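Asker: The structure that follows is given in the form of structure tokens.
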Amino acid sequence: MSKKKLPPVLFLLSALLWLTEATRAQPVVSGDNQLFAAVSPKGILFQWNKNGNSGLYFILPDRDTLPAFSHRRIRPQHPVWVPGKEAIVFDTGVNKNSRLVYFDLKTKQMRLLLHRKIACREASFTPSRHLVVFSGFDDRTGNWQIFSYDFIYDNLNRLTAEKGHCLFPVFSPDGKTILYTFQDPDGHSRLKSINWYGDSRKSLAKDV
């Protein structure tokens with residue numbers, strides 16, 4: 748019986764991105780503080796912190812590392828690819844000043860992703876890109892909660908109302924489930940899941 752070949756796996760170890768192929772693992776690029784990798788057929792997009800500044804870089808399948816966006820004042824963070832577009836989304840700002848920014852890789856133009864008065868960061872799209880989820884600051888609970896925004900119907904919805912912070916939401920590949928990290932007031936973290944409209948909440952793992 749022939750062994751099934753496993754696809755390459757990208758992971759973070761000691762602030763370096765590593766790529767495994769079969770039984771071999773090697774750093775993706777040299778340097779330090781490589782964070783928040785996003786993978787698509789277009790390539791690998793990641794955040795690279797250096798000397799107190801953050802920049803976004805991507806690696807194309809057949810080319811070297813290239814800077815995608817770097818700005819001392821904006822300091823982009825948490826980049827993601829926009830499905831089906833030559834574009835990326837990242838957040839900039841700190842805490843309640845955080846905003847999501849759309850950056851077109853062809854025209855080099857950028858704009859706010861959402862025109863709503865909400866602090867927002869850490870975006871994730873459905874494969875159809877009509878729905879985005881993110882961590883947004885909720886004045887009613889005083890915590891970061893998971894929100895969704897529907898670009899077709901112009902709807903902004905709060906999906907969680909936890910007594911703690913909900914961070915780093917990620918859509919499943921089919922766009923039906925959202926994973927996120929929950930931090931309770933005591934500093935403990937859990938991995939939780941909900942469906943795309945905020946129901947069927949499950950706790951999956953502790954101390955993540």
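Position one of the sequence shown corresponds to residue 748 (the numbering used here), numbered consecutively onward. Heads up, the beta-carbon is just placed ideally off N, CA and C, and yes, glycines get one too. Because the structure is a prediction, the values reported are computed rather than measured.
(1) Which full runs of the beta strand (DSSP E) of 3+ residues lie inside the segment 851-935, going along the chain?
(2) Kindly give me the distance between the Cβ atoms of residue 807 and residue 790, rounded to whole angstroms, as I take these residues to be in contact under 8 Å.
(3) Note down, in chain order, each residue of its chain lying with its Cβ closer than 6 Å to the Cβ of residue 853, except the 5 sequence neighbours on either side.
(4) Between residue 846 and chain C, is there a C-beta pair that is closer than 8 Å?
(5) Helix, strand or coil for residue 843, going by three-state DSSP, please let me know.
(6) In terms of residues, what are the limits of the beta strand (DSSP E) holding residue 947?
(7) Taking the continuous beta strand (DSSP E) assigned at residue 790, which residues delimit it?
(8) Use the C-beta contact count for residue 890: other C-beta atoms within 10 angstroms, 16 or more gives buried, fewer gives exposed.
(9) By how many angstroms is the C-alpha of residue 933 removed from the C-alpha of residue 881?
(10) If you run the structure through DSSP and keep just helix, strand and coil, what is residue 802?
(11) Heavy atom of the ligand HEM less than 7 Å from the Cβ of residue 820, yes or no?
(12) State buried or exposed for residue 935, treating a residue as buried only when at least 16 other CB atoms are found within 10 Å of its CB.
(13) Compare the C-alpha of residue 876 against each of 820, 953, 950 and 919 and name the closest.
(14) Got a sec? Which residues, its chain only, sit under 6 Å from residue 931 by beta carbon, not counting five neighbours each side?
(15) What is the DSSP secondary structure of residue 835, reduced to helix, strand or coil?
(16) Once you ignore the five residues that flank residue 831 on each side, which residues in its own chain have a CB closer than 7 Å to its CB?
(17) Does residue 829 pass the burial test, meaning 16 or more other C-beta atoms within 10 Å, or should it be called exposed?
(18) One question on the structure: do residue 826 and residue 866 come within less than 8 Å of each other, judged by their Cβ atoms?
(19) Leaving out five residues before and five after residue 871 in sequence, what residues of the same chain have Cβ atoms less than 6 Å from its Cβ?
(20) Can you name, in chain order, every residue of its own chain whose Cβ lies under 7 Å from the Cβ of residue 861, other than the five neighbours on each side?
Answerer: Here's the rundown:
(1) Here the runs fully enclosed are 857-859, 867-872, 878-885, 890-897, 902-905, 912-918 and 924-930.
(2) Contact flag correct, Cβ pair sits at about 4 Å.
(3) The answer, listed in chain order, is 833.
(4) No chain C appears in the structure shown, which is made up of a single protein chain.
(5) Assigned with DSSP and collapsed to three states, residue 843 falls in helix.
(6) Where residue 947 is concerned, there is no enclosing beta strand (DSSP E), given that its DSSP letter is neither H nor E.
(7) For residue 790, the enclosing beta strand (DSSP E) stretches over residues 790-797.
(8) Label assigned to residue 890: buried.
(9) Cα to Cα, the separation comes out at about 23 Å.
(10) Strand, per DSSP.
(11) Because no ligand of any kind appears in the structure shown, any question about the ligand HEM cannot be addressed here.
(12) With fewer than 16 other Cβ atoms within 10 Å, it is exposed.
(13) The candidate whose alpha carbon is nearest that of residue 876 is 919.
(14) These residues qualify, in order along the chain: 911.
(15) The three-state secondary structure of residue 835, taken from DSSP, is strand.
(16) These residues qualify, in order along the chain: 876.
(17) With 16 or more neighbouring CB atoms inside 10 Å of its own CB, residue 829 falls in the buried class.
(18) Against a cut-off of 8 Å, the Cβ pair of residue 866 and residue 826 comes out as no contact.
(19) Within the same chain, 880, 916, 917 and 918 come within 6 Å of residue 871 by CB-CB distance, once the 5 residues on both sides are set aside.
(20) Closer than 7 Å at the Cβ level, and outside the excluded window around residue 861, lie 847, 867 and 896.
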